[in-house]
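For what it's worth, the UniProt record's numbering labels the leading residue of the sequence shown as 1, then goes sequentially. Below is one structure, written out as structure tokens, with a few remarks after it.
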Amino acid sequence: MSGNSSSSTEHRSSSSSSSSSSCKSHTSNLRKAGKKCSWASYMTNSPTLIVMIGLPARGKTYVSKKLTRYLNWIGVPTKVFNLGVYRREAVKSYKSYDFFRHDNEEAMKIRKQCALVALEDVKAYFTEESGQIAVFDATNTTRERRDMILNFAEQNAFKVFFVESVCDDPDVIAANILEVKVSSPDYPERNRENVMEDFLKRIECYKVTYQPLDPDNYDKDLSFIKVINVGQRFLVNRVQDYIQSKIVYYLMNIHVQPRTIYLCRHGESDFNLLGKIGGDSGLSLRGKQFAQALKKFLEEQEIQDLKVWTSQLKRTIQTAESLGVTYEQWKILNEIDAGVCEEMTYAEIEKRYPEEFALRDQEKYLYRYPGGESYQDLVQRLEPVIMELERQGNILVISHQAVMRCLLAYFLDKGADELPYLRCPLHTIFKLTPVAYGCKVETIKLNVEAVDTHRDKPTIGDYLAMLVSVSQTLQRRDDLWVPCVEAFDFVLEGIESCSELPPVDNSVFVGKEVEGQILGDFLCIKGYHLVGKQSLVLNISEEWDVSPPECRLGHCPEPVLGNGTANYSGPVNVRDKITFKCIDGYILKGSNWSQCQEDHTWAPSLPICRSRDCDPPGIPSHGYFEGGSFSSGSVVTYHCRDRYHLVGSQKLQCIDGEWNSSYPTCEPIQEAPRPAEQIALEKAILAFQESEDLCSATENFVRRLKESGLTMEELKYFLEMKKIKLKADFLLKYHS
């Protein structure tokens, strides 16, 4: 062990309260930058400070960010405090490794003062922002520094858990420097050789005073985990509580080996087509086409040792079965349980359970279906999946919309407010590649059409309109809105007052006072649309800057045309007619126009834009086709195997997304029955060849063959064959 300390475990040195002006000025900025976490947490009984330990380029920041992402995902508010950020703010320009020499007294003071400021920000995070865990990301390689942190935590009743990263593998260290440090703000010139040389010298500066944790003596009473050579071995000491045990378990499951994670939903299901949620329906025709396209995609990728996971619901299993590979079924990957709303459309839910429908849109992450689950419940259910995913290599997870949102939120570090609204379309693959401090994501569409099951996050106007539609609590009385919108402060932060307005029927006015002016927006209640300017300003003369708008009854739902455009602007009124056009590469199926009806439906029905390319044609049993292109105009030619013949069209042509005929079949070739004359002829030939009397046999044979229509050439041939046979028989008898 290198280095010595004058203090003991029982008498740790007290920390200084002073800090440099440069680090002081940085404190408020960091506090403002931190987003207050709104996730409920019941896993900790007191705030915990996780303290990283280790020489530079040992993966401390990687572990800090990954651990923080996991803890936030499971609902424990966590934030990283990286000392390098504080140091760079205090020292605007980094010169060289000399700043980290232990005999550079001025630099040592700055580094200590910045550490104290960072710890004060940790305290503010715990006390003012409801934080539960803070990760102090720094080297913390000396006992003096760790004693200072322990004293700070003891004074504020915070728990401390140390995570030491030990690595002596030169290849891992060099890879860390090149992957992360070359792009560090400390090295703006980005010269690989110079960065490597300077950073290795910086590491040597830390080695002089490095004092690893001592589990046998000095540090035996501390709670910590040593991670040795990127997870080859672990040493765990005195875990205090449940959350620390979860941290240990998580750190023992992660690895840094290159791998790719593929996430996708099942193919389009029958319930997707009907707009129903939940249930256990099978794949639609397009869903089956997606499964085949997914198989082709995986074959083209040539992924080594790919594992495939599915839920236990029919639609994911059918998708996986088409791949022709082994797959594992996980019940915990099943879709979110919608309880009493299972197998209902959103329109049916809104009509039958209007209050539940409104509550879910108000707080989608926490809302729990009656008799079912919330997104928060789903995250807790999926935690074992995350642990197993961290242990795996290349893997494909075929799941469901809500499940995929939860998994994506973990890998992409999305919070509870974003998670329920992440867009996860059908027939799209998300390719995730872990990188240094996060995850690279690539979306791959397999060009198989599917319905859109995504629901956007409701706007304030949507929510107020829904409240009016459900509860009728907002009414216009004597040209005033009663009650004022402040009744809904839990929804609309910053709304301070309502104001007199010219009467606008069937609308809600949301107003607030800004610098002496009243600013307001008109929001039409459900079933009405706005005509005119939405926002108004009450100026100094107490007059509105424009005339108020109107809320007119009824409009049709937005005409959405995938891979195409609809020619309209704004809400579509009753009897309005619009036209449709597909983008290049797609052809319109259905009418190129539609009209908004009195019942707010479209007639004729909205068309679809189908790809001009065809899906792969069917392959008949005992047959195959030639032609690898399925673009519009291309032709494929069918052939059958030996002893089979083609029934149907041999050539199929792709015309605007459809094959011009159904694909043929290959049927067994049936041998035709032989005529009676042929059978008689064969018997005559056999009798002639077996006869001992050449003259009588020949006379008899000639008569029978003439009756069969034998030619003279054929007759001579058979006679010659008979002579040869008789001669052979004679020779055999003579020599015997």
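The C-beta atom is built at its ideal place from N, Cα and C for all residues, glycine as well.
So, using beta-carbon positions, are Thr428 and Thr443 closer together than 8 Å? Numbered from its first residue, the sequence shown carries residue 428 at position 428. Numbered from its first residue, the sequence shown carries residue 443 at position 443. Closer than 8 Å, so yes.
Which listed residue (Cys406, Val572 and Gly339) has its alpha carbon closest to that of Leu333: Taking the sequence shown and counting its residues from 1, one reaches residue 333 at position 333. Of the candidates Cys406, Val572 and Gly339, the one whose C-alpha sits nearest the C-alpha of Leu333 is Cys406.
Within 10 angstroms of the Cβ of residue 739, are there 16 or more other Cβ atoms? Answer buried if so, exposed if not. For the chain, the structure presents residues 1 to 736; residue 739 sits outside this window and is missing.
How should His102 be labelled, buried or exposed, when 16 other C-beta atoms within 10 angstroms of its C-beta is the threshold for buried? Within the sequence shown, numbered from 1, the residue matching residue 102 stands at position 102. So His102 ends up on the exposed side.
Beta-carbon proximity of Val163 to Leu49, cut-off 8 Å: As a first step, residue 163 is located in the sequence shown; it is residue number 163 there, counting from the start. As a first step, residue 49 is located in the sequence shown; it is residue number 49 there, counting from the start. Cβ distance not < 8 Å, so Val163 and Leu49 don't count as in contact.
Mapping DSSP to helix, strand and coil, what is Leu323? Sequence index remark: in the sequence shown, residue 323 carries index 323 (1-based). Leu323: coil per DSSP, three-state reduction.
Beta strand (DSSP E) segments (min. 3 residues) lying fully within the stretch 339-427: 395-399
Taking contact to mean at least 3 C-beta pairs separated by less than 8 Å, is the stretch 341-352 in contact with the stretch 321-331? no
Take Pro166 and list the residues in its own chain whose beta-carbon comes closer than 8 Å to its own, dropping the five residues that flank it on each side. Counting from 1 along the sequence shown, the entry for residue 166 is found at position 166. For the record, residue 166 in the displayed sequence is Val; it is not Pro. Excluding sequence neighbours, Val166 sits near Gly54, Arg58, Pro212, Lys226, Val227, Ile228 and Asn229.
Excluding the five sequence neighbours on either side, which residues of its own chain have a C-beta within less than 7 Å of the C-beta of Val80, listed in chain order? Here the question's residue 80 lines up with position 80 in the sequence shown. Excluding residues within five positions, the ones whose Cβ falls inside 7 Å are Ser64, Lys65, Thr68, Val135 and Asp137.
Counterpart residues of Tyr644 in DSSP-defined beta bridges: Sequence index remark: in the sequence shown, residue 644 carries index 644 (1-based). The partner list for Tyr644 (beta bridge, DSSP) reads Pro668.
Helix or strand or just coil, what does DSSP make of Gly438? Locating residue 438 in the sequence shown gives position 438, where the first residue counts as 1. Looking at Gly438 - three-state DSSP - the assignment turns out to be strand.
Count the other CB atoms, across all protein chains shown, that sit within 10 Å of the CB of Asn82; report buried if there are 16 or more and exposed otherwise. Residue numbering aside, residue 82 sits at position 82 when the sequence shown is read from its first letter. So Asn82 ends up on the buried side.
Indicate whether Arg610 and Glu449 have their beta-carbon atoms separated by less than 8 Å. Locating residue 610 in the sequence shown gives position 610, where the first residue counts as 1. Locating residue 449 in the sequence shown gives position 449, where the first residue counts as 1. Yes, the Cβ-Cβ distance between Arg610 and Glu449 is below 8 Å.
What residue range does the beta strand (DSSP E) around residue 738 cover? The shown model of the chain, from 1 to 736, leaves out residue 738, and the question about it has no answer.
Which residues in the same chain as Ile583 place their Cβ atom closer than 8 Å to its Cβ, once the five residues preceding and following it in sequence are excluded? For the purposes of this step, residue 583 is taken as the residue at position 583 of the sequence shown. Contacts found: Asn563, Gly564, Thr565 and Cys609.
Would you mind sorting Glu106 into buried or exposed? The rule is 16 or more other CB atoms within 10 Å of its CB. By 1-based counting over the sequence shown, the position of residue 106 is 106. Classification of Glu106: exposed, given that the 10 Å Cβ count is below 16.
Residue 760 - DSSP class collapsed to helix/strand/coil: What the structure shows of the chain is the stretch from 1 to 736, and residue 760 is not part of that stretch, so it cannot be assessed.
Backbone secondary structure at residue 740 - three-state DSSP: Past the boundaries of the shown model lies residue 740; the chain is included only from 1 to 736, so the question cannot be answered.
Smallest Cα separation from Arg202: which of Gln244, Ile173, Lys220 and Gln401? Taking the sequence shown and counting its residues from 1, the one referred to as residue 202 is at position 202. Per the Cα distances, Ile173.
Taking its Cβ as the centre, do 16 or more other Cβ atoms sit within 10 Å of residue 745, making it buried, or is it exposed? Look at the range of the chain in this structure, 1 to 736, and you will see that residue 745 is not part of it.
When you compare only the Cα positions, how much space is there between residue 739 and Asp168? Outside the shown range of the chain, which is 1 to 736, sits residue 739, and nothing can be said about it.
Going by alpha carbons, who is nearest to Ile655 out of Glu667, Cys640, Gln670 and Val636? Residue mapping note: residue 655 aligns to position 655 of the sequence shown, counting from 1. Ile655 has its Cα closest to that of Val636, out of Glu667, Cys640, Gln670 and Val636.
For Ser621, tell me which candidate among Lys92, Tyr638 and Ser632 has the shortest Cα-Cα distance. Position 621 of the sequence shown holds residue 621. Ranking Lys92, Tyr638 and Ser632 by Cα distance to Ser621 puts Tyr638 first.
Determine the DSSP secondary structure at Gly633, reduced to helix, strand or coil. Here residue 633 is taken as the residue at index 633 of the sequence shown, counted from 1. Three-state DSSP puts Gly633 in coil, outside helix and strand.
Verify whether the separation of the beta carbon atoms of Gly278 and Ala338 is less than 8 Å. Reading the sequence shown from its first residue, position 278 is the one you call residue 278. Reading the sequence shown from its first residue, position 338 is the one you call residue 338. Contact flag set, yes.
Validate contact between the stretch 284-304 and the stretch 240-258 using beta carbons, cut 8 Å, 3 pairs: no
Note the first and the last residue of the continuous alpha helix (DSSP H) segment covering Gly287. By one-based count along the sequence shown, residue 287 stands at place 287. Its alpha helix (DSSP H) spans residues Leu285 to Gln301.
Assign Pro483 to one of three DSSP states: helix, strand, or coil. On the sequence shown, residue 483 is found 483 positions in, with the first residue counted as 1. Reliability of the predicted coordinates at Pro483 is poor, the pLDDT of 36 falling under 50, and the value obtained from them is presented with this limitation in mind. If DSSP states are grouped into helix, strand and coil, Pro483 belongs with coil.
Quick check on the DSSP output: what are the complete alpha helix (DSSP H) runs of length 4 or more inside the stretch 104-139, in order along the chain? 105-128
Of the residues Gly532, Gln289 and Asp216, the one placed nearest Glu550, counting alpha carbons only: Position 550 of the sequence shown holds residue 550. Closest option to Glu550, Cα to Cα, is Gly532.
Which of the three DSSP states is assigned to Thr473 in this structure? Translated into the one-based positions of the sequence shown, residue 473 becomes position 473. Reliability fails at Thr473, whose pLDDT of 35 lies under 50, so the model's placement of it is uncertain and the value that follows must be treated cautiously. Coil.
Straight-line Cα distance separating Val397 from Ser661: The residue you call residue 661 lines up with position 661 of the sequence shown. The residue you call residue 397 lines up with position 397 of the sequence shown. About 36 Å.
Could you tell me the alpha carbon to alpha carbon distance between Glu197 and Tyr125, rounded to whole angstroms? Here residue 197 corresponds to residue number 197 of the sequence shown, with the count starting at 1. Here residue 125 corresponds to residue number 125 of the sequence shown, with the count starting at 1. Using only the alpha carbons, I get a separation of about 37 Å.
Helix, strand or coil for Met196, going by three-state DSSP, please let me know. Mapped onto the sequence shown, residue 196 falls at position 196. In the structure shown, Met196 sits in a helix (DSSP, three-state: H, G or I).
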